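Visitor: According to full-length UniProt numbering, the sequence shown holds residues 1 to 354 in order.
From the three backbone atoms N, C-alpha and C, an ideal C-beta is built for every residue, glycine too.
No experiment lies behind these values; they were computed from the predicted model shown.
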Amino acid sequence: MSGSRGSKAPSQQTDDSALFRHMHVTDQSAEQFFARKDLAKRPGYNTTGKEIAVALNCYGITQFPTKPVYQYDVHIGNGAEKRVVVQKVWNSNTRKARVGANFIFDGNKLAWSLIRLPNDVNVMVDLDAEQGRSGSRTPNIFRLVVRPTKKVNLAIIEEYLRGNGSISKEVLEGLSFLDHVLRETPSGKFIAIKRSFFSEKNPKASIGGGVFAYKGIYQAIRMVNPGRLAINVDVSNSCFWALISLLSAAMEVLELRDVQQLMKWTKPVDDGLGGRAPSQKFHQLSRFHKLAVKASYKGCPCPDKEWVIKGFLLANAKEYTIDMTDRATGQVRTMSIFDYFRSRYNVVLSYWNF
Numbered sequence: 001m002s003g004s005r006g007s008k009a010p011s012q013q014t015d016d017s018a019l020f021r022h023m024h025v026t027d028q029s030a031e032q033f034f035a036r037k038d039l040a041k042r043p044g045y046n047t048t049g050k051e052i053a054v055a056l057n058c059y060g061i062t063q064f065p066t067k068p069v070y071q072y073d074v075h076i077g078n079g080a081e082k083r084v085v086v087q088k089v090w091n092s093n094t095r096k097a098r099v100g101a102n103f104i105f106d107g108n109k110l111a112w113s114l115i116r117l118p119n120d121v122n123v124m125v126d127l128d129a130e131q132g133r134s135g136s137r138t139p140n141i142f143r144l145v146v147r148p149t150k151k152v153n154l155a156i157i158e159e160y161l162r163g164n165g166s167i168s169k170e171v172l173e174g175l176s177f178l179d180h181v182l183r184e185t186p187s188g189k190f191i192a193i194k195r196s197f198f199s200e201k202n203p204k205a206s207i208g209g210g211v212f213a214y215k216g217i218y219q220a221i222r223m224v225n226p227g228r229l230a231i232n233v234d235v236s237n238s239c240f241w242a243l244i245s246l247l248s249a250a251m252e253v254l255e256l257r258d259v260q261q262l263m264k265w266t267k268p269v270d271d272g273l274g275g276r277a278p279s280q281k282f283h284q285l286s287r288f289h290k291l292a293v294k295a296s297y298k299g300c301p302c303p304d305k306e307w308v309i310k311g312f313l314l315a316n317a318k319e320y321t322i323d324m325t326d327r328a329t330g331q332v333r334t335m336s337i338f339d340y341f342r343s344r345y346n347v348v349l350s351y352w353n354f
């Protein structure tokens with residue numbers, strides 16, 4: 001092979017020349033083809049037929065604030081903290097004392113308030129101290145940074161609704177703020193999923209597998225004609241795990257009759273190499289990954305604490321061991337999970353071989 005890498009065969013050169021022979025180049029500006037176009041104006045009302053009344057599940061907003069609102073960036077920890085940690089830090093007394101209580105937080109990165117902070121707020125929040133705990137092995141301290149970013153002008157929404165302006169980034173920012181204001185109170189009383197809210201008292205129906213379908217409420221702010229805001233309210237549906245024990249949920253998911261069947265079908269099987277492998281039913285337990293549960297046994301030190309399931313071990317409570325350090329002597333003792341609960345809480349595990 002010889003010749004430069006960029007050389008072309010004669011047939012290819014012929015094809016290229018034919019291509020350029022039919023190419024037209026003009027000096028028109030490309031911006032006119034990509035210029036932003038505003039929403040089309042409605043030409044007017046229909047003059048045929050007759051008017052009828054149509055009932056909608058919307059409720060008009062008669063008044064909303066027009067004072068300027070200050071927006072802030074919120075940074076907690078390393079920026080990748082779990083949502084439950086973010087909420088605890090934001091709801092802490094330390095934050096309320098340094099930043100103020102009259103703030104609306106989106107649960108992620110943004111906050112709004114009528115209060116104008118002149119400078120950044122940088123404070124350390126000790127969650128153990130907030131909850132009255134002490135002597136933790138690992139520090140439970142997170143940095144909270146609240147930084148002013150911009151001023152949201154709500155008056156521009158009024159101008160847009162009157163037809164004195166076009167839709168803009170500022171209008172959308174104002175509507176986003178009002179949407180978070182609408183969600184603030186129900187989010188603290190119900191289970192919030194975006195713009196929908198659910199309660200344990202809501203109507204529900206079992207769909208099998210330890211799952212219930214719950215009926216909830218959807219709400220959102222909409223711009224309606226003629227030139228006003230309204231709250232759209234509708235029915236929302238979502239599925240949740242039943243409020244039952246983890247063993248009962250596992251039996252529902254695996255479609256087993258009782259605990260004995262559950263232990264039989266989830267115990268390890270022979271891998272053919274002298275070792276153990278997970279059974280097919282055991283693999284199905286992965287559905288519980290990231291499920292939040294609470295511990296319930298005699299002497300439980302934290303009955304209200306939520307624990308998140310990461311996975312299941314291929315070992316029972318007598319096979320899996322942990323190292324425990326005696327705080328008085330400093331000696332390390334290896335014990336099984338079964339022995340730990342018996343010595344620490346005087347609890348004998350009923351299903352240790354699960």
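Starting from Ile-76, follow its DSSP beta bridges and name the residues at the other end.
Guide: Paired residues: Leu-144.
Visitor: To the nearest angstrom, how far is it from the Cα of Gly-330 to the Cα of Arg-137?
Guide: In a straight line, the C-alpha of Gly-330 is about 14 Å away from that of Arg-137.
Visitor: So within the stretch 221-256, which uninterrupted beta strand (DSSP E) runs reach at least 3 residues, ignoring any that extend past its ends?
Guide: Correct list: 228-241.
Visitor: Return helix, strand or coil for Ser-168, following the three-state DSSP convention.
Guide: Coil.
Visitor: At which residues does the beta strand (DSSP E) containing Phe-197 begin and terminate?
Guide: Note, Phe-197: beta strand (DSSP E), 196-198.
Visitor: Beta-carbon within less than 6 Å of Gly-100's beta-carbon, same chain only, minus the 5 sequence neighbours each way: which residues are those?
Guide: Around Gly-100: Ile-115.
Visitor: Could you tell me the alpha carbon to alpha carbon distance between Asp-339 and Ile-322, rounded to whole angstroms?
Guide: If I take the Cα positions, the gap works out to 10 Å.
Visitor: What does the alpha-carbon distance come out to for the pair Asn-46 and Val-146?
Guide: Approximately 52 Å, taken between the alpha carbons.
Visitor: Check for me: the beta strand (DSSP E) holding Asp-126 runs from which residue to which?
Guide: It spans 121-126 - the beta strand (DSSP E) in which Asp-126 sits, taken as one unbroken run.
Visitor: Output needed for Thr-149: all residues of its chain with C-beta closer than 7 Å, excluding positions within five of it in sequence on either side, in chain order.
Guide: Counting only Cβ-Cβ distances below 7 Å, and skipping sequence neighbours, we find Gln-71, Tyr-72, Asp-73.
Visitor: Going straight from the alpha carbon of Ser-238 to that of Ser-187, what length do you get?
Guide: Their backbone Cα atoms lie some 16 Å apart in a straight line.
Visitor: I believe Asn-57 touches Val-224 by the beta-carbon criterion, under 8 Å. Please report the beta-carbon distance rounded to the nearest angstrom.
Guide: Going by Cβ atoms, the distance from Asn-57 to Val-224 rounds to 12 Å, so no, they are not a contact pair.
Visitor: Determine the direct distance from the alpha carbon of Ser-296 to that of Asn-353, and round the result to whole angstroms.
Guide: So the alpha carbons of these two residues sit roughly 19 Å apart.
Visitor: At which residues does the alpha helix (DSSP H) containing Trp-90 begin and terminate?
Guide: Where Trp-90 is concerned, the enclosing alpha helix (DSSP H) stretches over 83-90.
Visitor: Please report how far the alpha carbon of Arg-162 lies from the alpha carbon of Lys-201, in whole angstroms.
Guide: The alpha-carbon atoms of Arg-162 and Lys-201 are separated by roughly 42 Å.
Visitor: Within this structure, are the beta carbons of Ile-104 and Leu-175 separated by less than 9 Å?
Guide: No, these two residues do not count as a Cβ contact at 9 Å.
Visitor: Below 8 Å on the Cβ atoms is my contact criterion, and I expect Trp-265 with Ser-279 to pass it. Report the Cβ-Cβ distance as a whole number of Å.
Guide: The Cβ separation is near 6 Å, so the contact holds.
Visitor: Pick helix, strand or coil for Ala-129, following the three-state DSSP scheme.
Guide: DSSP places Ala-129 in helix when its eight states are reduced to three.
Visitor: Where DSSP assigns a beta bridge to Gln-71, which residues make up the other side?
Guide: The partner list for Gln-71 (beta bridge, DSSP) reads Trp-112, Lys-150.
Visitor: Report the option in Gly-227, Gly-299, Phe-142, Gly-210 whose CA atom is closest to the CA atom of Val-348.
Guide: Closest by alpha carbon: Gly-299.
Visitor: If we ignore side chains and look at the alpha-carbon of each, how far apart do Gln-87 and Leu-262 end up?
Guide: Approximately 37 Å between the Cα atoms of the pair.
Visitor: I'd like to confirm the pairing. Which residues does DSSP put opposite Ala-205 in its beta bridges?
Guide: BP columns for Ala-205 point to Ala-213.
Visitor: What number of angstroms, rounded off, separates the C-alpha of Leu-127 from the C-alpha of Arg-228?
Guide: Between Leu-127 and Arg-228, the C-alpha separation is close to 44 Å.
Visitor: Output yes or no for whether 9 Å exceeds the beta carbon distance between Leu-285 and Ala-250.
Guide: Taking 9 Å as the Cβ cut-off, Leu-285 and Ala-250 qualify as a contacting pair.
Visitor: If the criterion is Cβ atoms closer than 9 Å, does the pair Tyr-218 and Ser-248 meet it?
Guide: No.
Visitor: Identify, in the order they occur along the chain, each residue of the same chain with its Cβ nearer than 6 Å to the Cβ of Ser-2, setting aside the five sequence neighbours on each side.
Guide: Because the pLDDT of Ser-2 is 42, which lies under 50, any placement of that residue in the model is unreliable, and the question is left without a value.
Visitor: Hey, could you find the ends of the alpha helix (DSSP H) Lys-294 is sitting in?
Guide: Counting along the chain, Lys-294 falls outside any alpha helix (DSSP H), though it belongs to the beta strand (DSSP E) covering 292-294.
Visitor: As a quick exercise: from Leu-273, Ile-309, Ala-155, pick the residue whose alpha carbon is nearest that of Leu-178.
Guide: Leu-178 has its Cα closest to that of Ala-155, out of Leu-273, Ile-309, Ala-155.
Visitor: Are the CB atoms of Ser-168 and Glu-130 within a distance shorter than 9 Å?
Guide: No; because the gap between Cβ atoms is not below 9 Å, this pair is not in contact.
Visitor: Bridge partners of Ile-60, per DSSP?
Guide: What sits at residue 60 in the sequence shown is Gly, not Ile. Answer is Ala-230.
Visitor: For the beta strand (DSSP E) containing Trp-307, list its first residue and its last residue.
Guide: Segment 306-308, the beta strand (DSSP E) holding Trp-307.
Visitor: In or out: Arg-143 buried (at least 16 other Cβ within 10 Å) or exposed?
Guide: That one is exposed.
Visitor: Which two residues bound the contiguous beta strand (DSSP E) that contains Ser-336?
Guide: Run containing Ser-336: 332-336, per the beta strand (DSSP E) assignment.
Visitor: According to DSSP, which residues form a beta bridge with Arg-276?
Guide: Partner(s): Asp-270.
Visitor: Below 8 Å, how does it come out for the stretch 108-122 and the stretch 59-71: are there three or more Cβ pairs, yes or no?
Guide: Segments in contact, yes.
Visitor: Applying the criterion that 16 or more other CB atoms from any shown protein chain within 10 Å of the CB defines a buried residue, is residue 357 buried or exposed?
Guide: With the chain covering 1 to 354 only, the question about residue 357 has no answer from this structure.
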